[in-house]
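Here the structure is laid out as structure tokens; the discussion comes afterwards.
2 protein chains.
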Amino acid sequence: MNDSTGPRSALQRKLPVVGQPRPERADARRNRLRVLEAADRLFAEQGVKNVSLDAIAAAAGVGKGTVFRRFGDRAGLAVALLDEREQELQAKILSGPPPLGPGAAPVLRVKAFLDAYLDLLDRHVELFMDSENASDGARYRIGSYNLWHQHLALLIEEARPDLDADYTAHLVLAPLAADLHKSLRDQGFDLPRIKSGLRTATTTLLSAV
Amino acid sequence: MNDSTGPRSALQRKLPVVGQPRPERADARRNRLRVLEAADRLFAEQGVKNVSLDAIAAAAGVGKGTVFRRFGDRAGLAVALLDEREQELQAKILSGPPPLGPGAAPVLRVKAFLDAYLDLLDRHVELFMDSENASDGARYRIGSYNLWHQHLALLIEEARPDLDADYTAHLVLAPLAADLHKSLRDQGFDLPRIKSGLRTATTTLLSAV
DNA sequence: TCATAAGACGGACTGTAGTCCGCTAAAGTC
DNA sequence: GACTTTAGCGGACTACAGTCCGTCTTATGA
Numbered sequence: 007m008n009d010s011t012g013p014r015s016a017l018q019r020k021l022p023v024v025g026q027p028r029p030e031r032a033d034a035r036r037n038r039l040r041v042l043e044a045a046d047r048l049f050a051e052q053g054v055k056n057v058s059l060d061a062i063a064a065a066a067g068v069g070k071g072t073v074f075r076r077f078g079d080r081a082g083l084a085v086a087l088l089d090e091r092e093q094e095l096q097a098k099i100l101s102g103p104p105p106l107g108p109g110a111a112p113v114l115r116v117k118a119f120l121d122a123y124l125d126l127l128d129r130h131v132e133l134f135m136d137s138e139n140a141s142d143g144a145r146y147r148i149g150s151y152n153l154w155h156q157h158l159a160l161l162i163e164e165a166r167p168d169l170d171a172d173y174t175a176h177l178v179l180a181p182l183a184a185d186l187h188k189s190l191r192d193q194g195f196d197l198p199r200i201k202s203g204l205r206t207a208t209t210t211l212l213s214a215v
Numbered sequence: 007m008n009d010s011t012g013p014r015s016a017l018q019r020k021l022p023v024v025g026q027p028r029p030e031r032a033d034a035r036r037n038r039l040r041v042l043e044a045a046d047r048l049f050a051e052q053g054v055k056n057v058s059l060d061a062i063a064a065a066a067g068v069g070k071g072t073v074f075r076r077f078g079d080r081a082g083l084a085v086a087l088l089d090e091r092e093q094e095l096q097a098k099i100l101s102g103p104p105p106l107g108p109g110a111a112p113v114l115r116v117k118a119f120l121d122a123y124l125d126l127l128d129r130h131v132e133l134f135m136d137s138e139n140a141s142d143g144a145r146y147r148i149g150s151y152n153l154w155h156q157h158l159a160l161l162i163e164e165a166r167p168d169l170d171a172d173y174t175a176h177l178v179l180a181p182l183a184a185d186l187h188k189s190l191r192d193q194g195f196d197l198p199r200i201k202s203g204l205r206t207a208t209t210t211l212l213s214a215v
């Protein structure tokens with residue numbers, strides 16, 4: 007119980023570096039990929055709503071507990087699956103060419119974002135619905151919502167400093183809710199009509215003096 | 007099997023009058039009221055999220071099947087409970103004094119509606135969340151949404167005939183989603199701030215040339 | 001290579017939404 | 001008041017989300 011274990015003190019040996027958590031264990035990584043792959047396949051084959059998490063766990067060859075520990079809940083799994091596609095859009099916004107990326111006028115950037123988001127949403131409505139509705143208020147808790155919100159708030163602040171940018175950003179995101187989009191499409195609204203309506207409203211809202 | 011049963015033919019005796027379904031049976035009415043009363047009480051006592059439909063059925067002294075046959079699902083029950091309060095607002099819109107009722111300028115009426123709706127929403131967020139989120143797309147299927155939508159569409163058409171009134175009405179209703187409102191309140195937005203932000207945006211959107 | 005502990009695994013378990021169908025009671029008919 | 005029709009009743013049943021905890025695997029370092 008003295009220092010004779012050598013120059014490496016207990017502190018040096020045992021304290022993990024803060025902010026750098028252990029890397030993912032090999033089995034954890036293997037199972038994570040298996041689950042994502044199985045979910046992707048089953049969702050595509052049978053429709054998001056018709057696949058239970060038991061079924062995904064079984065198809066992935068893992069226990070159900072594993073799925074839940076890793077993804078939290080149904081919404082979490084959907085978020086993970088959407089992540090890849092959303093990251094593409096995020097990258098374009100942060101460092102792509104204008105008008106989506108930096109360089110264009112703020113209102114143009116907002117409109118470019120809405121167009122791009124609507125394309126993404128339209129392509130993956132079901133998955134978005136799952137990620138937004140599977141648990142209460144899920145939409146507003148997930149990272150990407152906050153990222154879109156922050157992006158819009160900055161642009162709005164720039165375009166219309168007289169507005170409450172924080173609130174207005176939520177306002178602009180509200181019509182992008184997955185279940186509203188689904189409902190509109192089911193009612194016969196086509197994508198161009200939705201895009202055009204939203205573009206018009208946004209222009210009016212953000213361009214006025 | 008001849009006409010000897012008298013002047014009353016089989017047709018006359020048996021055909022129900024179309025479009026006038028049998029009145030509600032006494033036991034059905036009794037149970038409907040019991041369930042609503044029990045639900046109202048339990049929701050108030052324990053919070054909407056913490057009450058199962060089994061519990062409501064038990065408290066009402068009816069079987070679970072009865073609750074589901076009558077209300078369809080959790081959302082349906084919440085809708086039924088909200089109905090009374092929403093009808094009050096509906097009445098004011100249809101025949102109350104301006105600016106909520108007829109007579110005021112369309113933009114003023116829209117703003118009055120938004121204010122009144124936000125008050126209602128803020129007072130019953132939990133119930134609204136249940137009615138909107140308990141089943142997929144429930145918000146857009148229920149009667150009152152369609153009523154609000156129709157009301158707004160007419161006013162928007164009047165104020166800005168150049169806009170796509172049908173779509174724009176959905177746009178105006180989007181920020182009234184219960185889970186967004188809850189999330190905003192949880193983030194510290196107070197009701198006046200929300201009202202003012204929405205009022206400003208609406209004015210800008212509908213008043214521009 | 002072995003000992004050890006952090007952490008992942010997975011399936012049994014719980015609680016709830018929603019379905020089903022044989023049974024019961026209310027309304028209408030004579 | 002008995003008989004028939006029809007709607008409503010209700011609880012057993014299914015399926016699914018999400019939890020829990022004893023067991024097993026991996027990474028580490030000596």
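Protein sequence lines correspond, in order, to chains A and B.
Counting the first sequence from 1 gives a position; this note's numbering is that position plus 6.
Counting the second sequence from 1 gives a position; this note's numbering is that position plus 6.
From the three backbone atoms N, C-alpha and C, an ideal C-beta is built for every residue, glycine too.
Candidates the options, of which the one nearest residue i by Cα
| i | options | result |
| --- | --- | --- |
| residue 206 of chain B | B:120, B:107 and B:80 | B:120 |
| residue 122 of chain A | A:85, A:91, A:32 and A:44 | A:91 |
| residue 4 of chain A | A:183, A:96, A:181 and A:155 | Residue 4 of chain A lies beyond the residue range present for chain A, which begins at 7 and ends at 215; the question has no answer from this structure. |
| residue 6 of chain B | B:55, B:75, B:165 and B:135 | Residue 6 of chain B falls outside the range modelled here, since chain B spans only 7 to 215, and no answer is possible. |
| residue 138 of chain A | A:113, A:77, A:98 and A:84 | A:84 |
| residue 186 of chain A | A:97, A:113, A:105 and A:132 | A:132 |
| residue 128 of chain B | B:49, B:191 and B:29 | B:191 |
| residue 144 of chain A | A:105, A:115 and A:184 | A:184 |
| residue 200 of chain A | B:195, B:174, B:213 and B:71 | B:174 |
| residue 124 of chain A | A:70, A:179 and A:68 | A:179 |
| residue 150 of chain A | A:208, A:209, A:194 and A:89 | A:89 |
| residue 164 of chain B | B:115, B:87, B:177 and B:176 | B:115 |
Buried/exposed call for residue i, threshold 16 Cβ in 10 Å
| i | result |
| --- | --- |
| residue 58 of chain A | exposed |
| residue 198 of chain A | exposed |
| residue 152 of chain B | exposed |
| residue 203 of chain A | buried |
| residue 101 of chain A | exposed |
| residue 181 of chain B | buried |
| residue 35 of chain A | exposed |
| residue 166 of chain A | buried |
| residue 103 of chain B | exposed |
| residue 117 of chain B | buried |
| residue 32 of chain B | exposed |
| residue 29 of chain B | exposed |
| residue 105 of chain B | buried |
| residue 10 of chain B | At residue 10 of chain B the pLDDT is 35, less than 50, meaning the model places this residue with poor confidence and gives no usable figure here. |
Residue i at chain A interface by Cβ criterion, 9 Å
| i | result |
| --- | --- |
| residue 203 of chain B | yes |
| residue 146 of chain B | yes |
| residue 121 of chain B | no |
| residue 62 of chain B | no |
| residue 139 of chain B | yes |
| residue 117 of chain B | no |
| residue 196 of chain B | no |
| residue 55 of chain B | yes |
| residue 207 of chain B | yes |
| residue 214 of chain B | yes |
| residue 72 of chain B | no |
Own chain partners of residue i with C-beta closer than 6 Å, once the 5 adjacent residues on each side are dropped
| i | result |
| --- | --- |
| residue 53 of chain B | none |
| residue 141 of chain B | 79 and 81 |
| residue 64 of chain A | none |
| residue 41 of chain B | 66 and 73 |
| residue 47 of chain A | none |
| residue 148 of chain A | 85 |
Cβ shell of residue i (< 8 Å), same chain only, five flanking positions each side left out
| i | result |
| --- | --- |
| residue 126 of chain B | 91, 92 and 95 |
| residue 110 of chain B | 104 and 118 |
Test: residue i CB closer than 9 Å to a CB of chain B
| i | result |
| --- | --- |
| residue 211 of chain A | yes |
| residue 180 of chain A | yes |
| residue 188 of chain A | yes |
| residue 169 of chain A | yes |
| residue 177 of chain A | yes |
| residue 200 of chain A | yes |
| residue 143 of chain A | yes |
| residue 183 of chain A | yes |
| residue 192 of chain A | yes |
Same chain, Cβ closer than 7 Å to residue i, five either side skipped, listed in chain order
| i | result |
| --- | --- |
| residue 188 of chain A | 131 and 135 |
| residue 62 of chain B | 41, 44, 45, 48 and 73 |
| residue 172 of chain B | 159 |
| residue 213 of chain A | 113 |
| residue 99 of chain B | 106, 107, 119 and 157 |
Exercise. Please list the segments of the beta strand (DSSP E) lying wholly inside the stretch 96-120 of chain A, counting only runs of 3 or more residues, in order along the chain.
Key: none
Practice problem: Please go through the stretch 184-210 of chain B and give each complete alpha helix (DSSP H) segment of 4 or more residues, from N-terminal end onward. | Solution: 184-192
Quiz prompt | Continuous alpha helix (DSSP H) assignments of at least 4 residues falling wholly in the stretch 34-106 of chain A | solution = 59-66, 70-77 and 80-101
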